[in-house]
Each structure stands twice: as C-alpha cells, then as structure tokens.
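Residue numbers (UniProt numbering), protein chains in the order written: chain A, 1 to 491; chain B, 1 to 491.
2 protein chains.
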Amino acid sequence: MTNSTKPKVLTLDTINSNIRTVEYAVRGRIAIRSEEIRDELAHGKKFPFDRVVSCNIGNPQQLNQKPISFFRQVASLCENTDLLAEDKAELVSQLYPADTIARAKKILKTLGAGIGAYSHSQGAASIRQTVARFLLERDGHPANFNNIYLTQGASAGVQAILGLLTQSNKTGIMIPIPQYPLYSATLAYLGATPVHYLLEEESGWTLDIGSLKTTINASRAEGTDVRALVIINPGNPTGQCLDAGNMRDILSFCYEEGLVLLADEVYQTNIYNPETKPFVSFKKAMMEHPNEAIRTGLELVSFHSISKGMVGECGRRGGYYECCNFDEKVLEQVYKMASVSLCPNLHGQILVDLMCDPPRKGDVSYANYRAELDGIYESLRRRSKKLEGVFNAMEGVTCQPAEGSMYLFPRIRLPKKAIEKAASQGLAADAFYCEAMLEATGVCVVPGSGFGQKEDTWHFRSTFLPEEHLFDDFCANLSKFHADFLVTYSD
Amino acid sequence: MTNSTKPKVLTLDTINSNIRTVEYAVRGRIAIRSEEIRDELAHGKKFPFDRVVSCNIGNPQQLNQKPISFFRQVASLCENTDLLAEDKAELVSQLYPADTIARAKKILKTLGAGIGAYSHSQGAASIRQTVARFLLERDGHPANFNNIYLTQGASAGVQAILGLLTQSNKTGIMIPIPQYPLYSATLAYLGATPVHYLLEEESGWTLDIGSLKTTINASRAEGTDVRALVIINPGNPTGQCLDAGNMRDILSFCYEEGLVLLADEVYQTNIYNPETKPFVSFKKAMMEHPNEAIRTGLELVSFHSISKGMVGECGRRGGYYECCNFDEKVLEQVYKMASVSLCPNLHGQILVDLMCDPPRKGDVSYANYRAELDGIYESLRRRSKKLEGVFNAMEGVTCQPAEGSMYLFPRIRLPKKAIEKAASQGLAADAFYCEAMLEATGVCVVPGSGFGQKEDTWHFRSTFLPEEHLFDDFCANLSKFHADFLVTYSD
C-alpha cells in the first residue's frame with residue numbers, strides 16, 4: 001500500500017471531451033451569479049436592489065404564477081388515496097369539487113397500480129390514449145397512442161430523438177439561429193454536427209426556404225450527412241409563429257431532402273395574436289399537405305410539454321412526443337431505449353393527462369378552471385406587449401413582437417467602448433451587458449450569444465414573467481439601467 | 001413536387017448503431033409478451049392462469065405494496081397548498097396528522113417556489129442538505145451538499161456518470177457478471193467497453209480481488225483504458241452483501257489501479273441478515289480506510305434511490321448520488337450537464353427529503369411510520385426466505401440466499417432436450433425456460449442471460465414481491481411448472 005497522492009482519474013482533460021464543449025447559457029455563468037447574489041441578499045449583503053428577478057428561464061411558478069387548481073386537486077388525491085376512502089367522503093367533499101374526486105378515481109383506475117409504480121416505459125397506455133384524443137381534437141386528424149411517448153419534460157424527448165438520429169460526427173442536424181440551446185448542447189454531447197440556418201430578424205424572425213436550401217447544400221458538400229431539421233414554433237428565443245404556407249414549404253423541403261422534421265411545439269398555447277398568427281401544428285399541416293407522399297411518408301416528431309402554456313408545471317418534468325410515419329422497427333428501438341430508464345415520472349404523466357383533457361363546459365370545476373386559464377393568458381399577453389414597447393422605446397434597441405412563447409429577444413446596439421471593455425474581459429458584448437444589468441437591477445436575462453445570432457449583432461432573451469403588480473417597476477428598472485449603461489460607455 | 005414514395009430516413013440500418021446493440025432484458029421480450037397476455041386476459045382470452053404476476057422488475061407498488069402514509073400525506077399537501085390555508089385548518093386537521101402539515105410547510109418554505117417551479121439543476125439546496133445530514137447520521141462522516149446531485153431515479157445518475165467517464169470506445173468500465181443491465185445498456189449506448197469481472201456463485205456471489213486484477217490486466221493489455229469499477233452492493237440480481245474486509249480491499253484496488261469507484265447502493269435498506277451481513281456504505285468504508293491517500297483521494301460516486309428499500313416509490317423517479325474527492329472543475333461540468341435537462345422532478349426530490357429525514361421518535365406519525373416500515377420489511381424477509389427454500393427444493397436448482405436486495409437468482413440445470421429446443425428457436429436456454437414459465441403460470445421473470453452469467457450456466461432473476469396472502473400459491477405454481485418442464489424435456 002502506498003501513501004503517495006495520485007492524480008485524479010477525472011480532470012477537465014480526461015472527461016468525455018464532448019462534455020467540455022457543451023454550453024447551456026440559460027443556466028450558465030450569469031444565472032449562477034444570480035443565485036449567488038440571491039444567497040448574498042438573504043445573508044444581508046447590500047445591492048442596489050432587494051431581490052433577484054429570474055428572467056433567464058421560462059419558470060412561471062418561480063415568479064409566483066399560481067398553478068391551475070383543478071390540476072393540483074386531482075394530483076393531490078392521486079397522491080394521498082386515503083382521501084378517496086368511503087369514510088372520509090364527507091370531509092373531503094368540503095375540500096374538493098366533485099369532479100376532481102371523480103377524475104382522480106378514474107386516473108387511478110386506468111393506471112391500475114397508482115402513481116408509486118413504474119408504468120409502461122412509453123408512459124401509461126391510458127394517458128397516451130388521452131393524448132391521442134387531444135391530438136384528434138386539436139388537429140382534426142387521428143393519432144395512434146402507440147406512437148406517443150411520454151417524457152420527463154420535452155427536453156428528455158429531444159435528447160432521445162437526437163440520440164437516435166446520431167450515427168457519427170458526420171451526422172448533421174439543422175437548427176435555427178437563434179435557437180434554444182438544448183439543441184446545440186445535446187448535439188455537442190452526442191458529437192453530432194449542428195447545421196445552422198439563420199432566421200430573418202427584420203421580417204419578424206421568418207424562415208426562408210431558399211436559405212434552408214443553400215445551407216443544406218453547403219453542408220452536404222462538406223460531407224455532412226444532414227438528417228433532420230429542427231423547427232421551434234412558436235419560436236424560442238424569438239417568439240415568432242409560422243404561417244401555414246411557410247409550413248407547407250418546410251414540409252416539402254424536408255421530404256425532398258430526406259430529412260426528419262423535429263417540431264418543438266411546446267409554446268403552442270402561448271399565442272398572443274391568435275387572429276392573425278394562430279398556432280398550427282406541423283401534424284395538422286402535414287396531414288393537410290397536398291402531396292400524399294408527404295402525408296404518409298414524412299417522418300415527423302412533435303414535442304410538447306406541461307412546463308409552458310398556461311400550465312407552467314415546470315417542476316414536475318412532464319411532456320410527450322408523437323412520432324409520425326416512423327418505421328415500426330425504429331419505434332421498437334425508441335421503446336427499448338426508454339425502457340432502460342424504466343419510465344417517465346407518474347406525476348408528470350398525470351399532468352399530461354389533465355392538460356390534454358381539462359374540465360369541460362358543464363363540469364363543476366369548469367368556470368374556475370376557465371377563469372384561472374384566461375387570467376394567466378391575458379396577463380401574459382399584456383406583459384408581452386408592455387415589455388415589447390419598453391424595449392422599443394430604449395435607445396438603440398429594436399424588438400420584434402412575441403407572437404408566441406414566453407420571451408422577447410430585443411436587439412441591442414452597444415457603444416464601441418462597451419464592446420471593447422467586454423472584449424478586454426474575454427466576454428461577448430451582450431454577456432457583458434447582461435452581467436451589468438444583473439449587478440445593477442437584480443434582473444437576470446440571457447445574452448444572445450447563448451442562443452446564436454447573426455454576426456456583429458447583439459441581443460438578449462428575457463421572459464415577461466415578473467408579476468403584474470411589479471411589472472411597471474421591473475420595466476422602469478430595465479429602462480434606467482439601459483440609459484445609464486449608454487451614458488457610462490458613450491463614445 | 002413529386003409523388004414517389006421515398007425510403008425512410010430512419011431504419012434499423014441508419015439509426016445510431018450503438019442503440020441497436022443495447023439490450024435491457026428487464027423490460028425486454030418476455031416482459032413485453034407478459035403485457036400482451038395481461039391485455040388478452042382483460043379481453044377475455046383464456047390462459048391456464050387468471051393474472052400476470054410481474055416478478056421481472058422490482059416494482060413493489062405494482063404488486064400492491066402500500067406506500068408509506070407519512071410520505072404521501074406530506075407530498076399531497078405540497079401538491080395542493082390550498083389545504084394549508086388558515087380557513088381550512090380545522091377540516092384538514094381531521095385528515096392529516098399535525099406533523100405532516102408542519103413538514104409540508106417546512107418543505108415549501110425552504111423550496112421557496114413550490115413544486116411547480118424548476119429548482120436548482122442539482123436539486124433544491126435544502127433537500128441536498130437533508131441528504132448530507134442523512135449521510136452524516138448513517139456513516140458518521142460529514143457530506144458536502146455541493147457534492148450531492150439529485151436525480152430522476154438512480155438510473156439517471158448512473159447514465160450521467162458513465163457519460164462523463166466515456167472518452168471513446170477504448171474507455172473501459174468494469175462491471176460484475178451477473179450485473180443489472182442498466183450498466184451494459186448504458187455502456188452500449190455510449191460506445192464504451194464493458195470489462196466483465198465474474199462473481200463467484202458457489203461462495204455466495206463473492207468478489208475476488210485476484211480476479212479483478214487478472215481482469216484489469218488482461219483488458220489493459222488489449223489497449224482498453226479502464227477507468228472505473230462498478231460495484232452493486234447489495235447485489236442485483238445476486239442479492240449478496242459485501243463484508244468490510246472485502247470492501248477495504250476493493251478500495252485499495254481502485255486507488256492502486258487509478259479507477260473511479262461507482263457504488264450502486266440502492267438496496268442499502270433491503271438487508272435480510274443484518275447481524276451477520278449488515279450494509280456498510282463505501283463512503284464509510286473509504287472514510288475509515290487505513291490509507292489516508294484513499295480517504296482523501298479516491299474518487300467515489302455512491303448512488304441511492306427512492307424506488308427500493310421499504311419506500312418503493314418507483315413511479316416518482318427520485319434518487320441522488322454523492323461524488324467524493326472529485327476535482328471541482330469536473331463537478332462544474334457535471335452541474336452543466338444536469339442544467340441542460342433543467343432539474344430533476346420535484347416530486348422525486350421531495351421524497352428524497354422524506355426518505356432521508358423520516359418521522360422520529362416523539363413525532364405524531366412515528367408509531368404508524370415505524371409499523372408500516374417494519375411490516376414491509378418483515379414481510380419481504382419472510383418472502384425472501386420462503387422463495388429461497390422453494391427454489392432449493394426444486395430438482396436441479398440451487399439458489400444462494402438474498403442477503404439483500406429484492407431478488408433471488410437461482411441457478412437452473414436444464415435437460416439437454418430443452419437446451420436443444422431453445423437453440424432451435426434461436427433462444428438461450430434460460431430465456432426458453434422463462435417463456436415457458438410465463439405461458440404456463442403467468443409469472444414473468446428475467447432469464448440469467450439478460451444479466452450475464454458464467455458460460456454454460458443458466459439462471460433467472462425473480463423478485464419476491466408477490467403479496468404475502470398469494471405467496472404460497474405463487475410458490476406452488478413455480479414448483480409445479482418446474483417439475484412439469486423437467487418431465488416434458490426429460491432425456
């Protein structure tokens with residue numbers, strides 16, 4: 001036995017080198033610093049503000065958005081099944097609307113073994129059937145519950161499908177710029193090649209098919225095996241909604257080019273101009289495409305989540321994806337990989353069931369459910385419009401509207417001095433700006449460089465989730481910070 | 001636009017080829033067939049039995065094990081926080097013991113944002129602090145909550161750490177044979193090399209250091225970069241518990257050979273001979289190792305779960321791992337990777353908190369908690385001993401005792417005719433035996449070939465989780481099946 005100290009087995013140089021290259025700015029350097037400040041505030045340290053406001057992540061309940069009562073009532077009855085016993089019925093009826101009790105009993109009956117047992121690895125069949133009915137209702141086209149996979153948040157689904165697609169470092173996946181960094185991070189981990197296509201900011205972050213074609217041709221000419229196209233609709237961080245004609249062209253493009261289409265549709269109910277820019281699912285667009293070969297042949301995966309919309313149940317980690325037109329043998333492999341992790345958590349699964357089959361007109365809980373839902377929706381819409389106005393009123397800032405999602409992605413034009421100062425600290429100019437914002441206001445946002453952006457442009461992503469009664473102060477703080485920043489670094 | 005039908009982008013030949021090689025027998029072919037039979041039974045089809053008994057997976061609540069009331073009561077109050085409102089206090093006090101209400105309030109207060117918000121990506125700090133206190137209490141040695149990562153079940157933790165360790169297909173990870181196939185499946189997905197070391201069945205599935213040395217030398221001579229050793233203690237599927245001397249030698253071996261030690265300790269409370277074979281954690285063994293360099297230098301990861309023990313909350317997907325003696329820069333990378341998936345689900349996190357800090361003597365809920373826990377434990381122990389006896393009474397079967405875990409792993413000696421029949425169907429002999437068992441009795445177990453076993457030996461893994469009032473029938477069915485099988489295939 002020796003007493004000499006040996007070097008570590010695991011160091012930055014010896015770990016999986018793909019991991020080193022992963023970046024996820026949504027919870028990166030600035031977010032970590034914001035948590036430190038939150039701790040320091042709690043321990044009495046003085047800052048120019050009283051609290052940290054986390055606008056770096058779409059996490060509505062962290063900013064006190066109330067959960068939908070019906071969902072939580074049903075879930076709590078599934079959790080504590082003693083409350084459903086005969087001898088407690090009278091007491092419980094004073095605490096729970098009758099339809100929440102009925103719904104909990106129904107869920108437990110169809111689950112069979114309750115929420116404490118592993119379910120089917122794809123998620124409980126009864127809940128996948130609920131999702132299939134929801135999809136039929138939403139799109140007017142049937143869905144097969146065997147093609148639906150419940151997941152721990154949409155992120156887990158995206159990771160599973162990107163893992164399935166990746167054969168080698170030659171595998172290319174087209175992702176938008178700007179993009180939600182789950183995509184770039186997962187591709188970096190897998191060692192696959194991200195193939196970037198640019199969204200056009202000036203026209204409202206639109207997607208140009210011509211530019212998709214140029215991009216894929218260039219990438220294939222370099223030897224990349226481009227196999228899939230990721231579309232985030234409504235956009236994250238960019239908030240735009242695709243129109244039906246554009247979607248039809250995207251479907252044709254994927255089919256012609258032999259690409260699997262990955263449709264990240266987690267913001268499908270965060271739609272703020274529903275008359276002019278309604279949400280249309282890629283499933284619906286595909287099923288109504290004039291080309292039959294596309295309807296029956298295009299491989300499409302659509303992702304959804306319980307974390308977004310008016311549901312906002314981020315902490316549960318629930319979601320699903322539907323695979324359309326997949327080879328059965330491939331679906332078996334997807335199941336096999338899901339089975340290694342046993343199953344998605346049942347609390348997330350239950351909430352998928354409730355999200356997809358909420359109270360209906362005539363149900364006891366309907367009026368309250370509707371009021372809560374509409375309240376959250378209208379407030380989100382008001383806040384999105386207000387913040388958009390505030391950004392556009394700032395000097396050197398332009399901001400496209402959020403047609404959907406929970407984010408605004410303003411473009412900021414920064415003085416040369418600020419850009420130089422940032423560079424001297426080894427920072428991107430927008431990261432420098434966002435760090436200054438955090439230290440001055442307590443507001444945590446994510447620099448555009450964390451999502452990718454056109455060269456020599458700078459942005460940041462902010463949610464519009466701060467509470468409405470604090471929202472004017474929040475906006476005023478940002479405006480003051482921006483004005484001060486420009487003064488400090490004026491040329 | 002063309003109407004010709006194109007080939008699928010994704011086929012068995014074009015997906016990630018690592019995925020094709022993944023095998024996970026616990027939910028594989030036989031388990032899938034058992035689900036079909038369950039469906040067929042529900043639709044009235046006749047079988048020689050009334051119900052499918054799933055002994056393929058440690059899923060106690062599927063077989064009607066009752067959840068611990070205290071856990072579910074607290075969790076349901078965290079779920080439906082309306083129950084904690086002042087105006088409901090009187091009603092709720094008739095349904096909930098006072099300490100469950102106090103505990104729910106405490107959890108919600110320390111979480112800050114409730115269970116509907118993303119937490120810190122490592123898991124909520126307050127819950128990691130609870131885990132650290134639990135480890136101090138269990139081992140008598142402090143734990144740093146910054147080194148603890150909450151996960152969605154132990155599986156997710158194992159996947160994360162194996163992902164961190166894997167640099168290339170030259171990376172070797174030592175795993176026992178037999179092993180829990182999470183390990184082989186994850187290494188196959190990652191493209192790393194499993195380095196098998198054999199457990200010695202005759203001496204009670206013991207681990208021989210000499211054989212570890214032979215194995216690692218041979219593997220390194222072939223150019224494999226062996227970087228970690230996986231130990232499952234108590235064993236899965238094998239049920240043995242390591243003794244302290246053996247553990248000391250394993251720690252020395254890892255340190256001398258420059259290996260990270262991965263200790264899968266999820267069955268740490270499923271201990272059935274506590275006087276002669278108590279559970280000792282590798283953390284404790286390491287902290288009390290005579291070699292200081294090992295105490296302060298060996299990189300150890302220990303995994304735990306809420307799915308096993310007397311908790312049995314499989315459906316929630318909760319667990320944690322602790323990293324000891326890791327490089328800080330590496331821990332930052334582990335955090336970064338966790339952050340891409342945002343956070344482990346909060347329901348699982350809460351149950352980690354409750355498991356690690358259950359009711360104490362003097363608490364209102366203590367007596368009931370203790371009675372439930374002891375009831376489950378004593379019943380598991382009785383059933384393990386009974387089934388062990390049943391297996392050993394079968395012709396040609398020998399079965400080591402389950403000192404721990406939820407499984408028995410009997411060795412079966414099969415007639416030549418059965419082995420030939422199996423081969424003619426392209427099946428391993430034990431898979432053929434297990435399929436015959438399923439079709440005859442409705443009992444679903446996993447063939448030894450799904451875990452790996454010494455050449456020319458055959459086994460299967462069965463849980464002993466069927467309900468106690470049905471257990472004698474269950475045992476009788478297995479005995480009858482085995483006798484009939486031998487008659488059918490007698491030479």
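Beta carbons are placed, not taken as given, at the ideal position from N, Cα and C, and that holds for glycine.
Beta carbons nearer than 8 Å to chain B: which residues of the segment 345-371 of chain A have them? N345, L346, H347, G348
CA-CA distance, H120/B and M394/B? 52 Å
Closer than 7 Å to chain A by CB, I127/B: no
Residues of the segment 293-321 of chain B with Cβ closer than 7 Å to any Cβ of chain A, in chain order: A293, G297, E299, G312, E313, C314, G315, R316, R317
Mapping the DSSP letters down to three states, classify A75/A as helix, strand or coil. helix
Would you mind telling me which residues of chain B sit closer than 8 Å to A156/A, beta carbon to beta carbon, in chain order? S341
Please list the terminal residues of the continuous beta strand (DSSP E) segment that includes C231/B. At residue 231/B the sequence reads Ile, which differs from the Cys that was named. I231/B -> beta strand (DSSP E) spans 225-232.
Compute the Euclidean distance between the alpha carbons of M1/A and F282/B, then round it to the nearest angstrom. With a pLDDT of 44 at M1/A, under the threshold of 50, the predicted position of this residue should be treated as unreliable, and no value is reported.
Measuring CB atoms only, is the segment 374-381 of chain A touching the segment 52-64 of chain B, in the sense that at least three cross pairs come out at less than 8 Å? no
State buried or exposed for S490/B, treating a residue as buried only when at least 16 other CB atoms are found within 10 Å of its CB. exposed
Chain A partners of M337/B, CB-CB under 8 Å? I19, V22, Y189
Length of the line joining the Cα atoms of G348/A and A338/B: 19 Å
In terms of DSSP beta bridges, what is S462/A paired with? L408/A
Residues in the same chain with beta-carbon distance under 7 Å from T224/B, minus the five sequence neighbours each way, listed in chain order, please. K170, G172, T193, V195
Starting from A117/A, find everything on chain C with Cβ-Cβ shorter than 7 Å and list it in chain order. Protein chains in the displayed structure are A and B, and chain C is not among them.
Could one say the Cβ of L486/B lies closer than 7 Å to chain A's Cβ atoms, at least one of them? no
Which residue's Cα is closest to the Cα of P178/A: P466/A, D484/A, L470/A, F451/A? F451/A
Buried/exposed call for K336/A, threshold 16 Cβ in 10 Å: buried
7 Å is my cut-off, CB to CB: does V330/B come that close to chain A? yes
So who's on the other strand from G172/A, going by DSSP bridges? T193/A, V226/A
Quick one: is M1/B near chain A, going by C-beta distance under 7 Å? At M1/B, the pLDDT of 44 sits below 50, so the modelled position is not reliable; the number obtained from the coordinates is stated separately. Chain A contact via Cβ: present.
Can you check DSSP and say which residues form a bridge with E322/A? I148/A, S302/A
L261/B, enclosing alpha helix (DSSP H) - first and last residue: That residue, L261/B, is in no alpha helix (DSSP H); its beta strand (DSSP E) goes 260-264.
Chain A contacts made by the segment 78-102 of chain B, where a contact means CB separation under 9 Å: C78, E79, N80, T81, D82, L83, K88, L91, V92, Q94, L95, Y96
Where I127/A sits in the DSSP three-state scheme: helix
Could you list which residues in chain A have their beta carbon closer than 8 Å to that of N16/B, in chain order? G163, L164, L165, T166, Q167
Would you kindly report the start and end of the unbroken alpha helix (DSSP H) that includes Q333/A? 328-340
Are the Cβ atoms of I232/B and D264/B separated by less than 7 Å? yes
Are L10/B and V330/A closer than 7 Å when you measure CB to CB? yes
Which residues share a DSSP beta bridge with L135/A? DSSP output for L135/A lists no bridge partner at all.
Ordered along the chain, which non-local residues of its own chain (more than five positions away) have a Cβ less than 8 Å from that of R382/A? E468
Which whole-angstrom value is the C-beta distance of T186/A and Q152/A, which I expect to be below 8 Å? Not quite, the Cβ-Cβ distance comes to about 14 Å (not below 8 Å), so this is no contact.
Looking at chain B, is there any beta carbon in it that lies within less than 7 Å of the beta carbon of T11/A? yes
N325/A versus V52/B - alpha carbon distance: 33 Å
Please report the distance separating the alpha-carbon of V230/A from that of I250/B. 47 Å
Is the CB of T5/A under 7 Å away from at least one CB in chain B? yes
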